[in-house]
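Structure, as structure tokens:
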Amino acid sequence: MLNKLFNGRVGFYNGIRVSAAFNLFLLLAAFSMMRTRLPPKNIQRFPVKDWILKEPEYALALAVCVFSFFALFFPVFYIQFYAISRGVQRSVAFYILSILNASSFFGRLVPNALAPKLGLTNLIVFFTFAAGVITLTFPAVKDLAGIVLFALFWGFCSGAVVSLGPAYVGMMAKDTSETGTRLGIFFSVASVVALFASPICGALLTKKYIWLNASLFSGISFIIAAALGLVSRNILAKKRGTQII
30 MLNKLFNGRV
40 GFYNGIRVSA
50 AFNLFLLLAA
60 FSMMRTRLPP
70 KNIQRFPVKD
80 WILKEPEYAL
90 ALAVCVFSFF
100 ALFFPVFYIQ
110 FYAISRGVQR
120 SVAFYILSIL
130 NASSFFGRLV
140 PNALAPKLGL
150 TNLIVFFTFA
160 AGVITLTFPA
170 VKDLAGIVLF
180 ALFWGFCSGA
190 VVSLGPAYVG
200 MMAKDTSETG
210 TRLGIFFSVA
220 SVVALFASPI
230 CGALLTKKYI
240 WLNASLFSGI
250 SFIIAAALGL
260 VSRNILAKKR
270 GTQII
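Using this note's numbering, you'd call the opening residue of the sequence shown number 30 and step up by one each time.
Right, here's the structure in full:
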């Protein structure tokens with residue numbers, strides 16, 4: 030839809046305004062339909078400082094968040110342009126992002142269904158590492174078939190990372206009342222990192238479009254996130270006395 034707006038009579042600037050207005054409408058509609066299940070409690074103060082300083086698994090989870098979000102947006106923002114630069118027709122290239130998102134949809138469902146049996150942290154470490162390895166192959170993909178396969182595999186893995194992440198943080202809460210605050214910190218960190226991730230990748234591309242630079246930055250960030258997640262997972266496994274975690 031955005032491609033049609035940007036490349037049609039509406040144009041880029043007005044297309045952005047239409048997109049913003051549409052999202053504002055959806056947000057207002059969602060807010061108007063929300064209802065609290067229970068009456069609000071008195072304001073609780075949580076030991077956030079202790080969570081970060083005395084719970085290494087939580088501090089590491091925030092570090093995983095930082096590196097994952099540095100890595101997450103490069104293929105999403107640039108895969109269509111990359112396809113066009115490799116000779117794919119524009120009319121076809123515009124659908125590659127849809128293919129990626131469709132694959133991401135299943136990546137958000139299937140791993141979550143497997144998490145109770147295989148362990149949530151086990152899966153998030155695996156899929157984060159897999160996303161990193163796949164990202165490193167990005168510059169080697171030269172034709173339409175390869176780009177579509179990349180979109181399918183990367184979309185599935187990135188969807189798993191995005192959907193498992195909040196549950197990964199939420200499982201560290203000692204009480205359900207902590208969950209919202211822990212997730213709020215997680216997403217606050219993610220939102221700041223997300224502001225800088227794509228411009229950094231754009232700067233790494235340079236005017237010569239050196240795709241290897243941004244691919245290395247994104248792929249290595251994913252792999253660092255996976256390594257930190259593995260350490261966090263091992264700490265949790267030792268505390269809880271199980272490997273299915």
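All C-beta atoms, glycine included, are put in the ideal place defined by N, C-alpha and C.
Rounded to whole angstroms, A266 and E86 show a C-alpha spacing of 10 Å. In this structure, the CA atom of K203 is about 53 Å from the CA atom of Q118. Taking 8 Å as the cut-off, the beta carbon of I163 is found no closer than this to the beta carbon of G258. Judged by DSSP secondary structure, F185 falls within the alpha helix (DSSP H) whose first and last residues are 173-199. Around the C-beta of P68, fewer than 16 other C-beta atoms lie within 10 Å, and the residue is accordingly described as exposed.
A direct Cα-Cα distance of roughly 10 Å separates L55 from A49. Annotated as proximal: A219 and F98, with beta-carbon spacing under 8 Å. DSSP, reduced to helix, strand and coil, places Y238 outside both helices and strands of the structure shown, so it counts as coil. Counting along the chain, the unbroken alpha helix (DSSP H) around T164 starts and ends at 149-165. By the Cβ test, the region 96-116 is in contact with the region 157-172, since at least three Cβ pairs between them sit closer than 8 Å.
Secondary structure of V39 (DSSP, three-state): coil. Secondary structure at Q73: coil, using DSSP grouped into helix, strand and coil. Taking a cut-off of 8 Å for Cβ pairs, the region 197-214 and the region 126-146 do not touch, as fewer than three such pairs fall below it. Less than 8 Å divides the Cβ of V177 from the Cβ of I128. Shown here, M62 sits in a helix according to DSSP, grouped into three states.
Residue state for R115 is assigned as coil, using DSSP reduced to three classes.
The continuous alpha helix (DSSP H) containing V95 extends over residues 85-101. In this model, A131 and L181 are separated by some 8 Å (Cα to Cα). Annotation for F41: F35 place their beta carbon closer than 7 Å to its own, counting only its chain and skipping 5 residues before and after.
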